[in-house]
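Take a look at the structure set out below.
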Amino acid sequence: MKTKTLILQPTKENIALCAEELRNGGLVAFPTETVYALGAVATNAVAVEKVFEVKGRPSDKPLIVAVARKSDIDNVVKAVPQKARVLIDKFMPGALTLVMKKAECIPSVVTACGDSVAVRIPNNEIALKLIELSDSPVVVPSANTSEKASPTLAEHVKDDLEGKIRYILDGGASEIGIESTIVDVRCDPPVILRVGGVTVEQIESAIGHVETKREDVKLSGYMPSAELMFAAYCDGMERNITAKYDEITARGKSAVICCLDNNVGLYNGRTVMTVGKDYTEYAHNLFALLRKADAEHFDAVIAEGVNPSGIGSSLIARLIKLSGGYII
Ligand code: TXA
Ligand code: MG
């Protein structure tokens, strides 16, 4: 029988209901400050297997584990290296995930059979309360199906997971809008595996030099009906964008330009969607705009490139991944 999926307001009662669902081996979607998470009790291998099934996620891609308190980190890892302590003190709760050696209590299905576990503490009261009441660490992959952008609204989760889970806690729009930064702290210097909400500059100001590993771009990672491309950040970027837009529309296809508020005038009446006034707002709005462009059946989405520093680097990493590396 198909499950009915309910979007619940985050009242005390509803959070308790969702915690019970988790304790009983169910899955619950809930807000975090980065993107919405699809939670299950991390120590329950059967529940975690359901997460892979519901997301359509390959079993070789490990899940992040969330805890509610700094002291709980010691329960899910074997040891916390010194630099990890500094990062935990400085950035947790927050958009930072640390990879460390896993403790026995974390089943191998969570870590894709690896001996490390990625851990974070979400900076969101609803998430923290839910994890606390679940009496366990909770896996927190993004609550989208594998081919979609991460959800930043409860409705996005419903679009992807309707009929597959019972409850979605509604916490409004995700504050940051892109995923956490992942740092492997098992080596020194630590290695950034994914740039996200906490910037490389912030991390380096806390612990000094870190290495950056290029993320693998899976060309089939995201398949919207619209084709996404983005412009290399340079002087005269808008000329490349308008040329591409005109080329696409001349072929009878529809296109939309995603641009900063201040740049609307550069595109002379062509169809645009504004991403906000700065890069922080761009990050906050990006995933929701891509879902909107998809729902409105645009054939092409042309996004402005950004200056690759701070949150700009995290934005570029998302644009590369979601576009399959289609740069104009
Ligand atoms: O902001 C976030 O981190 C969101 C919120 C919902 O918590 N979650 C998220 O999860 O982005 P997901 O599953 O969409 O992406 C997790 C990433 C994957 O690229 C996975 O390969 C990596 O984390 N990962 C998980 N465990 C790992 C580990 N032990 N070592 C290296 N990478 C790991
Ligand atoms: Mg994801």
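Numbering (my numbering), first residue to last: 2 to 329. Glycine included, C-beta positions come from ideal geometry on N, C-alpha and C.
Residue i vs residue j beta-carbon contact at 9 Å
i: L170; j: L9; result: yes
i: A301; j: V257; result: yes
i: L88; j: K51; result: no
i: T33; j: S175; result: yes
i: A233; j: G306; result: yes
i: P123; j: A41; result: no
i: R187; j: K102; result: yes
i: G325; j: L229; result: yes
i: G277; j: V199; result: no
For residue i: DSSP bridge partner residues
i: M274; result: C259
i: R1; result: The question about residue 1 has no answer, for the chain in this structure spans 2 to 329.
i: V139; result: V42, A67
i: G97; result: Before going on, a small fix: residue 97 reads as Leu here, not Gly. Paired residue(s): T182.
i: E297; result: Paired residue(s): none; E297 is not in a bridge.
i: Y168; result: L7, V29
i: R187; result: Its beta-bridge partners do not exist; DSSP assigns none.
i: R24; result: DSSP lists no partner for R24.
i: I328; result: F231
i: K102; result: S117
i: V78; result: K103
i: V302; result: L229, V257
Rounded straight-line distance, which links the Cα of residue j to that of residue i
i: S221; j: D73; result: Reliability of the predicted coordinates at S221 is poor, the pLDDT of 48 falling under 50, and the value obtained from them is presented with this limitation in mind. The alpha-carbon atoms of S221 and D73 are separated by roughly 36 Å.
i: A31; j: V77; result: Here residue 31 turns out to be Phe, not Ala, going by the sequence shown. Their backbone Cα atoms lie some 21 Å apart in a straight line.
i: D185; j: D116; result: 13 Å
i: R271; j: P309; result: 26 Å
i: A80; j: V139; result: 19 Å
i: S206; j: A150; result: 30 Å
i: S137; j: A43; result: 7 Å
i: N15; j: T213; result: 41 Å
i: L290; j: I166; result: 25 Å
Spatial neighbours of residue i in its chain, beta-carbon cut-off 7 Å, leaving aside the 5 residues before and after
i: A46; result: P108, V110
i: V158; result: A30, Y37, A144, P152, I169
i: A85; result: L99, M101, V186
Sequence-distant residues of its chain with Cβ nearer than 6 Å to residue i (five each side left out)
i: D362; result: The requested residue 362 is not part of the displayed model; the chain covers only 2 to 329.
Residue i - containing alpha helix (DSSP H), residue span
i: I249; result: 238 to 251
i: V87; result: 83 to 92
Element boundaries [beta strand (DSSP E), containing residue i]
i: E34; result: From DSSP, E34 is part of no beta strand (DSSP E); its letter is neither H nor E.
i: S117; result: 117 to 121
i: I193; result: 192 to 195
CB contact below 9 Å: residue i versus chain C
i: K3; result: Considering every chain present, this structure includes no chain C. It has just one protein chain.
Same chain, Cβ closer than 8 Å to residue i, five either side skipped, listed in chain order
i: R58; result: V52, P142, S147
i: T6; result: K159, L162, E163, G164, K165, I166, R167, Y168, I169
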